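Positions in the sequence shown are counted from 1; adding 1389 to them yields my numbering. By construction, the Cβ of each residue, glycine as well, lies at the ideal position given by its N, Cα and C atoms. This structure is a prediction, so every number in the text was calculated from the model and none was measured.
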Amino acid sequence: MHLDLRHEPGRVLIGLTPGEGEPDTRKGGLARHTASFEVSVAPRSLHPDLLVLSAILCARPWIRRQTPVVTSVAGSEALATALRSGPGLRLASVDPDLAPRARPEPGAPGLCFSGGTDSVAALAVMPEATRSYHLRRRAPAGERRATMFDTRAAQQSCEVVRRHGRQVEVVRSDVEYLRDVMGFPHDFTTAVPLLLHADRDRLDAIAWGAPLEATYRLQRGYYRDLADSPFIGEWGDVFAAVGLPVCVPIAGVSEVVTSRIVQTHALGAAAQSCVRGPRLGAPCGRCAKCARKTLLAGAVTGRWPSAHVLERQWRGAEPRGHLLADPVKVEPVIAHTTHAYLAAGGDSALLRLVADKVGPDPLPWLDRSYEPALELVPEPYRAEIADRLHRVAPPMSAAEEQAVRDYDVRSVDRAAAQQALAAWLDAHPPQERWPRVTGRARREARARLRRCRDRVRSLLPGGRRD
Ligand SMILES: [Zn+2]
1390 MHLDLRHEPG RVLIGLTPGE GEPDTRKGGL ARHTASFEVS VAPRSLHPDL LVLSAILCAR
1450 PWIRRQTPVV TSVAGSEALA TALRSGPGLR LASVDPDLAP RARPEPGAPG LCFSGGTDSV
1510 AALAVMPEAT RSYHLRRRAP AGERRATMFD TRAAQQSCEV VRRHGRQVEV VRSDVEYLRD
1570 VMGFPHDFTT AVPLLLHADR DRLDAIAWGA PLEATYRLQR GYYRDLADSP FIGEWGDVFA
1630 AVGLPVCVPI AGVSEVVTSR IVQTHALGAA AQSCVRGPRL GAPCGRCAKC ARKTLLAGAV
1690 TGRWPSAHVL ERQWRGAEPR GHLLADPVKV EPVIAHTTHA YLAAGGDSAL LRLVADKVGP
1750 DPLPWLDRSY EPALELVPEP YRAEIADRLH RVAPPMSAAE EQAVRDYDVR SVDRAAAQQA
1810 LAAWLDAHPP QERWPRVTGR ARREARARLR RCRDRVRSLL PGGRRD
């Protein structure tokens, strides 16, 4: 892979030219060959390793391990070594005289901020000085593809965070258009806005809002050791090599706890996990995240919607797919909240069938903090973050910690329960055909309007033609 890196006033441009054995069709296809990030950082004020790593995180799906990565800006030996030992990539452009980026002292932690519940909960337990970085999608001129994901709620979420006196940098980028099927090329592409501001803002840690279920992969049905998580195994040393040790403040607590944090914290008004709603406070109500958040809100507040409302949500095309998956997507949370609903006297036939499938409630450990996860909080922030976490989620007992490590739904035979659930959903198809059709028409009209506006702008004197 050849990566051309240009830092001009106002933006960083990354050009991707696949090398031998790296066809454009790899990993779902490379639809465009450039990505840009709008930044207010002056050219040549950034450590070269931050640029090189940013480019690699955009191009990662199309890089073959055997093919060297050639970059127009050379990186340090330290970065090359970490890329080799972690993700197994060969950085060919190395400047032996380049010292690696030193971790600033004093510094401030940075957070890759999405506006979702987990992201806001992470911010709520991090130090006041934490700076957030949000990657906002911007369509490149002439781009015809539209997406159902709406950026407006996340934008408002950033404004709420700002109103609380916290620093937020919004970086507009077209990186999500690189892939044929639009979206971030890699889980860590969301780090690029932070990396590009790391020197200006003297950042000394890079944080994500990944809860227990994601960090230990419980959402796939069984426990995975921290050493094998991408935060440590693959990319930990790479981020450390640019002076940004990885920080996952909520790695030890589940979505049940992060939901409680946003329900009780002032910053909680900024949280919305649904990426399809038109504004903050107006989630779409139809996606699987919305359906899960309804259950979580019920479990946290003790106030439950009627069986009819819950069932209408879960009968939707996407949520039903999550229930029918084996394991259920984010099963520990579904299991706990479903049992909480039934224990509170809920009478939904669908949720009774879900409870039969998922087995007994995995609580109480879901409600507490898994202490080994604090390894993912670097010094000097560990004590402060642990203290804030423990106020909402006391540490687990040794037995509860063991229950997390033993978590495995694969060994249980639940064919009969699965069949009963599938039969109920077959008999109760989605009730939302009409809103889905109008929703798509609205999105397409919006994309057309945006293209039109871009065309007009590019014709105006001084208009950008990027
Ligand atoms: Zn939604």
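request  = Assign THR1423 to one of three DSSP states: helix, strand, or coil.
outcome  = Counted from its first residue, the sequence shown places residue 1423 at position 34. Under the three-state reduction of DSSP output, THR1423 falls in the strand class.
Simplified DSSP assignment, three categories, for VAL1801 = Translated into the one-based positions of the sequence shown, residue 1801 becomes position 412. The DSSP-derived three-state label of VAL1801 is coil.
task = Assuming SER1508 and ARG1555 form a contact by the criterion Cβ under 8 Å, report the distance between their Cβ atoms to the nearest whole angstrom.
result = Your numbering for residue 1508 matches position 119 in the sequence shown. Your numbering for residue 1555 matches position 166 in the sequence shown. The pair is not a contact, with the Cβ atoms about 12 Å apart (cut-off 8 Å).
query = With respect to 8 Å, is the separation between the Cβ of PRO1819 and the closest non-hydrogen atom of ligand 1 below this value?
reply = Looking up residue 1819 in the sequence shown gives position 430. Not under cutoff, so the answer is no.
message = Measuring straight from C-alpha to C-alpha, what distance separates ASP1617 and PRO1476?
response = Here the question's residue 1617 lines up with position 228 in the sequence shown. Here the question's residue 1476 lines up with position 87 in the sequence shown. Rounded to whole angstroms, ASP1617 to PRO1476 spans 12 Å at the Cα level.
task = Answer with buried or exposed for ALA1680, where buried requires no fewer than 16 other C-beta atoms within 10 angstroms of its C-beta.
result = Start at 1 with the first residue of the sequence shown, and residue 1680 comes out as number 291. By the 10 Å Cβ count, ALA1680 comes out buried.
query = Any idea what DSSP makes of SER1359, helix, strand or coil?
reply = Outside the shown range of the chain, which is 1390 to 1855, sits residue 1359, and nothing can be said about it.
key: Where HIS1391 sits in the DSSP three-state scheme   = For the purposes of this step, residue 1391 is identified with residue 2 of the sequence shown, where counting begins at 1. Under the three-state reduction of DSSP output, HIS1391 falls in the strand class.
ask   = In its own chain, which residues sit with a C-beta less than 8 Å from the C-beta of VAL1525, not counting the 5 before and 5 after it?
value = Position 136 of the sequence shown holds residue 1525. The residue asked about is misnamed: residue 1525 is Arg in this sequence, not Val. Within the same chain, ARG1525 has close Cβ partners THR1540, ALA1543, GLN1544, VAL1559, VAL1560, ARG1561 and SER1562.
task = Put CYS1636 into one of helix, strand or coil per three-state DSSP.
result = In the sequence shown, residue 1636 corresponds to position 247, counting from 1. It is a strand residue.
ask   = Of the choices PRO1767, LEU1713 and GLU1789, whose alpha-carbon is the least far from that of ALA1805?
value = Locating residue 1805 in the sequence shown gives position 416, where the first residue counts as 1. That would be LEU1713, whose Cα lies nearest to the Cα of ALA1805.
key: Through-space distance from VAL1845 to PRO1369, alpha-carbon basis   = Past the edges of the chain, shown from 1390 to 1855, lies residue 1369, and the structure says nothing about it.
message = Excluding the 5 residues flanking ALA1342 on each side, which residues of the same chain have their C-beta closer than 8 Å to its C-beta?
response = Nothing about residue 1342 can be read from this structure; the chain reaches only from 1390 to 1855.
ask   = Once you ignore the five residues that flank GLU1833 on each side, which residues in its own chain have a CB closer than 7 Å to its CB?
value = Reading the sequence shown from its first residue, position 444 is the one you call residue 1833. Here the set comprises ALA1535.
query = Out of LEU1402, THR1460 and CYS1673, which has the shortest C-alpha to C-alpha gap to LEU1567?
reply = Reading the sequence shown from its first residue, position 178 is the one you call residue 1567. When each option's Cα is compared against that of LEU1567, the closest is LEU1402.
inquiry  = Counting only C-beta atoms, is THR1414 closer than 9 Å to chain C at any point?
reply    = The chain inventory of the structure shown lacks chain C, comprising one protein chain alone.
query = Between which two residues does the alpha helix (DSSP H) containing VAL1441 stretch?
reply = Here the question's residue 1441 lines up with position 52 in the sequence shown. For VAL1441, the enclosing alpha helix (DSSP H) begins and ends at 1437–1448.
query = I think LEU1392 touches LEU1405, with their Cβ atoms under 8 Å apart; what is that distance to the nearest whole Å?
reply = The count along the sequence shown starts at 1 and reaches residue 1392 at position 3. The count along the sequence shown starts at 1 and reaches residue 1405 at position 16. In this structure LEU1392 touches LEU1405 by the C-beta definition: roughly 6 Å separates them, less than 8 Å.
inquiry  = For ARG1591 and LEU1584, what's the separation of their Cα atoms in angstroms?
reply    = As a first step, residue 1591 must be located in the sequence shown, where it is residue number 202. As a first step, residue 1584 must be located in the sequence shown, where it is residue number 195. Each residue's Cα considered, the two are about 11 Å apart.
query = VAL1459 to LEU1478, Cα distance in whole Å?
reply = Residue 1459 sits at position 70 when you count from the first residue of the sequence shown. Residue 1478 sits at position 89 when you count from the first residue of the sequence shown. Put simply, the backbone Cα of VAL1459 is about 11 Å away from that of LEU1478.
query = What residues match up with LEU1765 in a beta bridge as DSSP calls it?
reply = As a working mapping, residue 1765 is identified with position 376 in the sequence shown. Bridge partners of LEU1765 according to DSSP: none are assigned.
request  = Write down the C-beta distance between GLN1652 and VAL1698 rounded to the nearest angstrom, noting that I regard them as a contact closer than 8 Å.
outcome  = Taking the first residue of the sequence shown as 1, we reach residue 1652 at position 263. Taking the first residue of the sequence shown as 1, we reach residue 1698 at position 309. GLN1652 to VAL1698, Cβ: 19 Å. No contact.
query = Taking the continuous beta strand (DSSP E) assigned at CYS1501, which residues delimit it?
reply = Residue 1501 sits at position 112 when you count from the first residue of the sequence shown. From DSSP, the beta strand (DSSP E) with CYS1501 extends over 1497–1501.
message = Can you find the residues in the same chain that come closer than 7 Å, C-beta to C-beta, to PRO1634, ignoring five residues on each side of it along the sequence?
response = Counting from 1 along the sequence shown, the entry for residue 1634 is found at position 245. Excluding five sequence positions before and after PRO1634, the CB atoms of its chain that fall closer than 7 Å to its own CB belong to ALA1594, PHE1628 and PRO1767, given in chain order.
query = Can you round the beta-carbon distance between VAL1376 and TYR1759 to whole angstroms, since I take them to be within the 8 Å contact cut?
reply = Residue coverage of the chain in this structure runs from 1390 to 1855, which leaves residue 1376 outside it and unanswerable.
ask   = Do VAL1698 and ligand 1 come close, with the Cβ less than 8 Å from some heavy atom?
value = In the sequence shown, counting from the first residue as 1, residue 1698 sits at position 309. Answer for VAL1698: no, Cβ out of range of ligand 1.
ask   = Thinking C-beta only, is LEU1755 closer than 9 Å to VAL1646?
value = As a first step, residue 1646 must be located in the sequence shown, where it is residue number 257. As a first step, residue 1755 must be located in the sequence shown, where it is residue number 366. Contact flag set, yes.
Neighbourhood of ARG1415 by C-beta distance below 8 Å, restricted to the same chain and skipping five residues each side = As a working note, residue 1415 is residue 26 in the sequence shown. Around ARG1415: PRO1407, PRO1450, TRP1451 and ARG1453.
query = Smallest Cα separation from CYS1447: which of HIS1575, SER1662 and GLN1791?
reply = Here residue 1447 refers to the residue found at position 58 when the sequence shown is read from its first residue. Of the listed residues, the one whose Cα sits closest to CYS1447 is HIS1575.
request  = Under 6 Å Cβ to Cβ from GLU1548, same chain only, skipping five residues before and after it: list those, please.
outcome  = Residue mapping note: residue 1548 aligns to position 159 of the sequence shown, counting from 1. Cβ neighbours of GLU1548 beyond the five flanking positions: none.
message = Below 8 Å on the Cβ atoms is my contact criterion, and I expect HIS1586 with VAL1430 to pass it. Report the Cβ-Cβ distance as a whole number of Å.
response = In the sequence shown, residue 1586 corresponds to position 197, counting from 1. In the sequence shown, residue 1430 corresponds to position 41, counting from 1. Contact between HIS1586 and VAL1430 holds: CB atoms are separated by about 6 Å, below the 8 Å threshold.
task = Report all residues for which the CB-ligand distance to some heavy atom of ligand 1 is below 7 Å; order them along the chain.
result = Those residues are CYS1663, ARG1665, GLY1666, PRO1672, CYS1673, GLY1674, ARG1675, CYS1676, LYS1678 and CYS1679, given in chain order.
message = Using a Cβ-Cβ cutoff of less than 7 Å, which residues in the same chain neighbour THR1578 once the five nearest sequence positions on both sides are dropped?
response = Here residue 1578 corresponds to residue number 189 of the sequence shown, with the count starting at 1. LEU1446, CYS1447 and VAL1564.
key: Nearest candidate by alpha-carbon position, reference GLN1791, set THR1519, GLU1517, TYR1612 and ASP1569   = Translated into positions along the sequence shown, residue 1791 becomes position 402. When the alpha-carbon of GLN1791 is set against those of THR1519, GLU1517, TYR1612 and ASP1569, the nearest one is in TYR1612.
ask   = From this set, LEU1656, LEU1669 and ILE1723, which residue's C-alpha is nearest ALA1677's C-alpha?
value = Position 288 of the sequence shown holds residue 1677. Closest option to ALA1677, Cα to Cα, is ILE1723.
task = Only counting runs of 4 or more residues, tell me where the alpha helix (DSSP H) segments fall wholly within the region 1491–1560, in order along the chain.
result = Runs found: 1506–1514 and 1541–1552.
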